[in-house]
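Q:
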Amino acid sequence: MKKVLHIGTFLGALTAAPLFAAEHEPNPFVPLDQIVEGGAELSVVALRCAGLFHSVWDYAGEALLGVEASQQAKDNAALFLEAGTQLRMTETGGAQADVSQLAVAEAFAASTLYFRRYEKNVAAGSDAYSSDEVWAADLQICRNLAAQI
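In the working numbering, the protein residues as written are -14 to 134.
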């Protein structure tokens, strides 16, 4: 698969993306299995997975994840962003620049949803993500998808 964006481009785009204002909350969190069962395009699932891996890296950081796991999360985020962008271009016939910009925004929105979920988990006295059954199920879907792309 041809690389569309490099991890630096993805991370740079995510850090430049505007934060959501409280009155503009992103859509409520929907587990990935419901998105898949709802018949979502493969690009939607791939971009959601990009957001999942970015959110883990963004929430925990290299200090908590360690160098290897941090790099793996970054690489997975980039892999899924690239795949999601390519799939979206195929699905829509859109121009790469337009599709790439929208794909980054979609992945960032997913990352934000996961990040907020981690915050709620911690506030409730749980681990941010490793004890979250929905997160674990989403991760398994993403791992299965990674083996196919």
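For glycine and all other residues, C-beta sits at the position ideal for the given N, C-alpha and C.
Computed from a prediction, not measured in an experiment: that's the story for all the values here.
(1) Apart from the five residues just before and just after Y114, which ones in its own chain have a Cβ nearer than 6 Å to its Cβ?
(2) The alpha helix (DSSP H) spanning E138 covers which residue range?
(3) Hey, is the segment 50 to 60 in contact with the segment 81 to 93, meaning 3+ C-beta pairs nearer than 8 Å?
(4) Alpha carbon to alpha carbon, how far is P13 from V29?
(5) Relative to the C-alpha of T70, which candidate in K59, A82, D60 has its C-alpha closest?
(6) For the alpha helix (DSSP H) containing S40, list its first residue and its last residue.
(7) Report, in whole angstroms, the separation of the C-beta atoms of V21 and I134, which I expect to be a contact under 8 Å.
(8) Since D117 and N106 are thought to touch, with beta carbons under 8 Å apart, how far apart are those beta carbons, to the nearest angstrom?
(9) Note down, in chain order, each residue of its chain lying with its Cβ closer than 8 Å to the Cβ of L72, except the 5 sequence neighbours on either side.
(10) When you compare only the Cα positions, how much space is there between V15 and A80?
(11) If you draw a straight line from the alpha carbon of A131 to that of A45, how long is it in whole angstroms?
(12) Distance, Cα to Cα, A6 vs R33?
A: From the atom records:
(1) Y103, W120
(2) What the structure shows of the chain is the stretch from -14 to 134, and residue 138 is not part of that stretch, so it cannot be assessed.
(3) no
(4) 16 Å
(5) A82
(6) 27 to 50
(7) About 15 Å; that fails the 8 Å criterion.
(8) 6 Å
(9) E26, L27, S28, A31
(10) 29 Å
(11) 22 Å
(12) With a pLDDT of 32 at A6, under the threshold of 50, the modelled position of this residue cannot be trusted; read the value that follows with caution. Cα to Cα, the separation comes out at about 21 Å.
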